[in-house]
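Trainee: Structure in C-alpha cells, see below.
2 protein chains.
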Amino acid sequence: MLLDDQLCFGLYSASRAVTGLYRRLLEPLGLTYPQYLVMLVLWDRGAVPVGQLAEALQLDYGTLSPLLKRLEAQGAVRRVRRPEDERSVLVELTEDGVAMREDARGIPTAVGRAMGLTRDELAETRAVLARLTGSVAAVLATPADG
Amino acid sequence: MLLDDQLCFGLYSASRAVTGLYRRLLEPLGLTYPQYLVMLVLWDRGAVPVGQLAEALQLDYGTLSPLLKRLEAQGAVRRVRRPEDERSVLVELTEDGVAMREDARGIPTAVGRAMGLTRDELAETRAVLARLTGSVAAVLATPADG
DNA sequence: AGCGTTTAGATTGTGCACGATGAAATCGCG
DNA sequence: CGCGATTTCATCGTGCACAATCTAAACGCT
Chain A
1 MLLDDQLCFG
11 LYSASRAVTG
21 LYRRLLEPLG
31 LTYPQYLVML
41 VLWDRGAVPV
51 GQLAEALQLD
61 YGTLSPLLKR
71 LEAQGAVRRV
81 RRPEDERSVL
91 VELTEDGVAM
101 REDARGIPTA
111 VGRAMGLTRD
121 ELAETRAVLA
131 RLTGSVAAVL
141 ATPADG
Chain B
1 MLLDDQLCFG
11 LYSASRAVTG
21 LYRRLLEPLG
31 LTYPQYLVML
41 VLWDRGAVPV
51 GQLAEALQLD
61 YGTLSPLLKR
71 LEAQGAVRRV
81 RRPEDERSVL
91 VELTEDGVAM
101 REDARGIPTA
111 VGRAMGLTRD
121 ELAETRAVLA
131 RLTGSVAAVL
141 ATPADG
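Going line by line, the protein sequences match chains A and B.
When we follow the UniProt record's numbering, the leftmost residue of the first sequence carries the number 1, and every step to the right adds one.
When we follow the UniProt record's numbering, the leftmost residue of the second sequence carries the number 1, and every step to the right adds one.
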C-alpha cells in the first residue's frame, strides 16, 4: 500500500511530467497540451465534427467545447454549423492553424529525446499502456461492480 | 505526427483511464484520487508537514492547500500549526481518517486486476516509467533550452 | 537589536476533466 | 403528418494542476 510500489502513481507522475515538458515546448505556440492534441487530429484529418474529436481523444463535450472556444478565440480554428445537419459543428483549421504545423514540427522528436528511452522501450511501453487502457476501459464499461 | 503513434498520448489516456477507475472505487469513501494519494502517505508515515506531502506527490502548495482543506472539511485529516515553527503546518489523520484505511484495503488489488497485466509487465512498466519521469524532470530542470 | 533573506504555506487566476443538465435539430414510428 | 426518442453540442459545478503573487515566521549577518 506504499506510494511508489504502485504503477498508478508512476503513471500519474509520468503523465504530469510529460505534460510539463509539453507546456514548455508549446509555450511559444500559445497552445496547451490538450489543444495541441486537437491540432494533431486536425492536421491529420482536416475538418472534423466535435464528436469525432471527442472520440479520437476520448474526451467529452464538457471538456472539448470550452477548449475549442479558446482555440477559436486565438484564431487557430473555426467552428461552423453544418448546413445539412444543424446539430453538428465542424471544426476546421484557419490559415494560422495550418501554419502552426511548421512551428510544431520539432516537438515529437524533442519529446522522444527527453524521455530517454530506447526505440524498443518506447514501442513496448506504448503497447502495454494501450492494453492497460483497454482493459481498464472494459472494466469501467461494466455498469456496477468491477 | 499521428496521435496513436506517440507514447505521450498513450500515457495521457492510460492515466485518465486509471483515474476514472479510482473514481469509481473511491466514490464510496468520498475521496478523489489525489486525496487518496495523500491518505496513502499519511497511513504510511503518520503526521507529516505539507511540504513533505508536496515532495512525496510532486505537487505544489497551490494544489495541495485547497485539497487538504477539503480533506479537513470532510473530517479525514486535521491541520495543526507546529508550535516550534509556526510557519509549518502538520497534517495528521483523524480517527475517521485512520478508519478509512480498512475501507480502502481492497483497492490496490482491484486496480491491479483491472489493468490486466502480468506481474512482470507491471514491474517492468513501473521501472520504465520511473526512468522516463526522471529523464523528463531532468530536462525540465535545465532552465532554458532542452 | 535591526533588517534583509529565506522558508512554509495560502491565495488567485487559468485551463483541463468529468458528471449532470439543458437545448435544438433530426430521426423513427404509428 | 405528429410526436416522442435520439443525436449533437453547450453550459454549469466541482476538483485538480500549475504559475504568480502574497503573508508571516524564522534565520543570518552585522
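C-beta atoms are modelled at their ideal positions from N, C-alpha and C, and glycine is treated no differently.
At what residues does the alpha helix (DSSP H) containing B/Arg70 begin and finish?
Mentor: By one-based count along the second sequence, residue 70 of chain B stands at place 70. Secondary structure note for B/Arg70: its alpha helix (DSSP H) is the uninterrupted segment Tyr61 to Ala73.
Trainee: Using beta carbons (cut-off 8 Å, strictly below), is A/Arg24 in contact with chain B?
Mentor: Translated into the one-based positions of the first sequence, residue 24 of chain A becomes position 24. At least one chain B Cβ lies under 8 Å of A/Arg24.
Trainee: Taking B/Asp85 as part of the beta strand (DSSP E), name the residues at either end of that continuous run.
Mentor: Within the second sequence, numbered from 1, the residue matching residue 85 of chain B stands at position 85. From DSSP, the beta strand (DSSP E) with B/Asp85 extends over Asp85 to Leu93.
Trainee: For B/Leu140, collect the residues of the same chain with a Cβ closer than 6 Å to its Cβ; drop the 5 residues on either side in sequence, then sort them by chain order.
Mentor: Along the second sequence, read from residue 1 onward, the residue named residue 140 of chain B stands at position 140. Excluding sequence neighbours, B/Leu140 sits near nothing in its chain.
Trainee: Start and end of the alpha helix (DSSP H) containing A/Arg23?
Mentor: Counting from one through the first sequence, the residue named residue 23 of chain A turns up at place 23. Start and end: Leu7 to Leu26.
Trainee: Tell me whether the region 121 to 136 of chain A and the region 3 to 10 of chain B touch, counting them as touching only if at least three CB pairs, one residue from each stretch, are closer than 8 Å.
Mentor: yes
Trainee: Under 8 Å, Cβ to Cβ, is there at least one residue of chain B near A/Ala114?
Mentor: Residue numbering aside, residue 114 of chain A sits at position 114 when the first sequence is read from its first letter. Flagged as an interface residue toward chain B: A/Ala114, by a C-beta distance shorter than 8 Å.
Trainee: For a cutoff of 8 Å on Cβ pairs, would you count A/Met100 as touching chain B?
Mentor: Indexing the first sequence from 1 puts residue 100 of chain A at position 100. With 8 Å as the cut-off, A/Met100 does not count as an interface residue toward chain B.
Trainee: From which residue to which residue does the alpha helix (DSSP H) around B/Arg113 run?
Mentor: As a working mapping, residue 113 of chain B is identified with position 113 in the second sequence. Segment Ile107 to Met115, the alpha helix (DSSP H) holding B/Arg113.
Trainee: The alpha helix (DSSP H) spanning A/Gln52 covers which residue range?
Mentor: Mapped onto the first sequence, residue 52 of chain A falls at position 52. That run of the alpha helix (DSSP H) goes Val50 to Leu57.
Trainee: Consider the Cβ of B/Pro49: report whether some Cβ of chain A lies at a distance smaller than 8 Å.
Mentor: If you number the second sequence from 1, residue 49 of chain B lands on position 49. Not one chain A Cβ lies under 8 Å of B/Pro49.
Trainee: Ignore the nearest five residues each way along the sequence and tell me which others in A/Glu72's own chain have a CB closer than 7 Å to its CB.
Mentor: Counting from 1 along the first sequence, the entry for residue 72 of chain A is found at position 72. Cβ within range, chain order: Arg78 and Arg79.
Trainee: Between A/Arg101 and the rest of its own chain, which residues show a CB-CB distance below 6 Å, the 5 nearest in sequence each way excluded?
Mentor: As a working note, residue 101 of chain A is residue 101 in the first sequence. For A/Arg101, where only same-chain residues beyond five positions count, the Cβ hits under 6 Å are Trp43.
Trainee: For chain A, find out if any of its Cβ atoms is closer than 8 Å to the Cβ of B/Arg87; answer yes or no.
Mentor: Residue numbering aside, residue 87 of chain B sits at position 87 when the second sequence is read from its first letter. No, B/Arg87 lies away from the interface with chain A (no Cβ there is under 8 Å from its Cβ).
Trainee: If distances are taken between C-alpha atoms only, which option among B/Pro28, B/Ala17 and B/Arg70 comes closest to B/Val38?
Mentor: As a working mapping, residue 38 of chain B is identified with position 38 in the second sequence. Selected option, being the one with the closest Cα: B/Arg70.
Trainee: Report all residues from its chain with a CB closer than 7 Å to the CB of B/Asp4; omit the five preceding and five following residues, and keep chain order.
Mentor: Looking up residue 4 of chain B in the second sequence gives position 4. Once the five neighbours on either side are set aside, B/Asp4 has no close Cβ partner at all.
Trainee: Taking a Cβ distance cut-off of 9 Å, strictly less, list which residues of the region 1 to 18 of chain A are near chain B, in chain order.
Mentor: Of all residues in the region 1 to 18 of chain A, only Met1, Leu2, Leu3, Asp4, Asp5, Gln6, Leu7, Cys8, Phe9, Gly10, Leu11, Tyr12, Ser13, Ala14, Ser15, Arg16, Ala17 and Val18 place a beta-carbon less than 9 Å from a beta-carbon of chain B.
Trainee: What are the residues of the region 63 to 83 of chain A that lie near chain B, defined by any Cβ-Cβ distance shorter than 9 Å?
Mentor: none
Trainee: What do you get for A/Ala123, buried or exposed, if any count of 16 or more other CB atoms within 10 angstroms of its CB means buried?
Mentor: Sequence index remark: in the first sequence, residue 123 of chain A carries index 123 (1-based). The residue in question, A/Ala123, is exposed, as its Cβ has fewer than 16 Cβ neighbours within 10 Å.
Trainee: Against A/Asp56, what residues of chain B qualify as contacts under a CB-to-CB distance less than 8 Å, listed in chain order?
Mentor: Translated into the one-based positions of the first sequence, residue 56 of chain A becomes position 56. Looking at the sequence itself, residue 56 of chain A is Ala, so the reference to Asp does not match. Result: Leu3.
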